[in-house]
Amino acid sequence: MAPIRTREGRILVPVQITPIGPDGEYYNPGGGYTYHYSAVLIGTWLSDHRISWDLSAPVEGDPDRSTRGMLEPTIAEMPDGRILMILRGSNDRRPDLPGFRWRSVSEDGGRHWSAPEPWRYSDGEPFFSPSSCSQLVRHSGGQYFWIGNICRENPVGNRPRYPLVIGEVNPHTLTLERNSLRVVDDRSPADHVNLTLSNFYAREDRVTGEIVIHCTRFFARGEWGGDAYEYRFRP
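Residue numbering for the sequence shown follows my numbering, starting at 1346 and increasing by one per position.
Structural data, given as structure tokens:
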């Protein structure tokens, strides 16, 4: 959940919130493993070089569509000033529900957000995605990229967390360009069925302009652990 600096100079830090109900107890209306809202912390620089922080309005999911709410947000500012937020959802304990990636948009610098909806390809079709983290990357060349997991069929909760893909985001429609998708890594016949390609961090190499993805291939051998890899993508 990497922070960004907006064109107005504010700092936006995406966060997830564990809600408390009116009774003071943990609020979990979806019945999944956990339940969360998402939001952003908005930082404004003051004249004495301190930062004043505000919390945005929350991004709340429908527990009948995502049993764990909206969590692990990633954000990017578009050329027109809109802020795109992509979120993790889940069909944990409700495998009959479609497992989607979710989208919310702010038109006021991150203070208020649209109701989350399934994220779609630019042709209008939604796609399956497991309950896992993802990341938006704004490239110095002007493109916007999304890195995450897309499933070939409906996931069950967190799995499968492969393949790991990278694709370009259309900055006007705020959708994912299907034809731009490239597979970063995928499960091979030698890998355990629980291979996890979701615990990663991506950045732009300031020298080469490549997008560098650091990822550990957890459970490749069926055990907690794995080898760390560096993948490089040239836009």
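Glycine included, each C-beta is placed from N, C-alpha and C at the ideal position. Since the structure is predicted, the reported quantities are computational estimates derived from the model, not experimental observations.
Classification of residue i by the beta-carbon crowding that lies within 10 angstroms, buried from 16 upward
i	result
Glu-1370	exposed
Trp-1464	buried
Gly-1377	buried
Glu-1422	buried
Glu-1452	exposed
Pro-1403	buried
Ser-1397	exposed
Ser-1477	buried
Leu-1391	exposed
Beta-carbon contacts of residue i that lie in its chain and below 8 Å, excluding the five residues immediately before and after
i	result
Glu-1522	Tyr-1466, Ser-1467, Gly-1512, Glu-1513, Val-1514, Asn-1515
Gln-1480	Ala-1347, Thr-1419, Trp-1491, Ile-1492, Gly-1493, Phe-1545, Tyr-1546, Ala-1547
Leu-1526	Ile-1495, Val-1510, Ile-1511, Gly-1512
Span separating the alpha-carbon of residue i from that of residue j
i	j	result
Pro-1471	Leu-1432	14 Å
Gly-1354	Tyr-1507	36 Å
His-1559	Ile-1365	35 Å
Gly-1406	Leu-1400	18 Å
Ser-1383	Gly-1571	30 Å
Pro-1408	Gly-1375	5 Å
Thr-1520	Ala-1460	16 Å
Val-1557	Asp-1368	46 Å
Cutoff 6 Å; reference residue i; Cβ partners in own chain excluding five residues on either side
i	result
Ala-1573	Thr-1561
Sheet register partners of residue i (DSSP bridge)
i	result
His-1559	Tyr-1546, Glu-1575
Arg-1438	Paired residue(s): none; Arg-1438 is not in a bridge.
Gly-1567	Answer is none; Gly-1567 lacks a bridge partner.
Beta-carbon contacts of residue i that lie in its chain and below 7 Å, excluding the five residues immediately before and after
i	result
Gln-1488	Glu-1513, Pro-1580
Arg-1566	His-1537
Arg-1350	Ile-1356
Task: Whole runs of the beta strand (DSSP E) within the segment 1449-1503, excluding any shorter than 3 residues - done: Restricted to the segment 1449-1503, the beta strand (DSSP E) segments that are unbroken, complete and at least 3 residues in length are 1480-1483, 1489-1494, listed in chain order.
Open item on the list: Going residue by residue through the segment 1358-1407, where are the continuous beta strand (DSSP E) segments of at least 3 residues, counting only ones entirely within it?
Closed with: 1382-1390, 1396-1400
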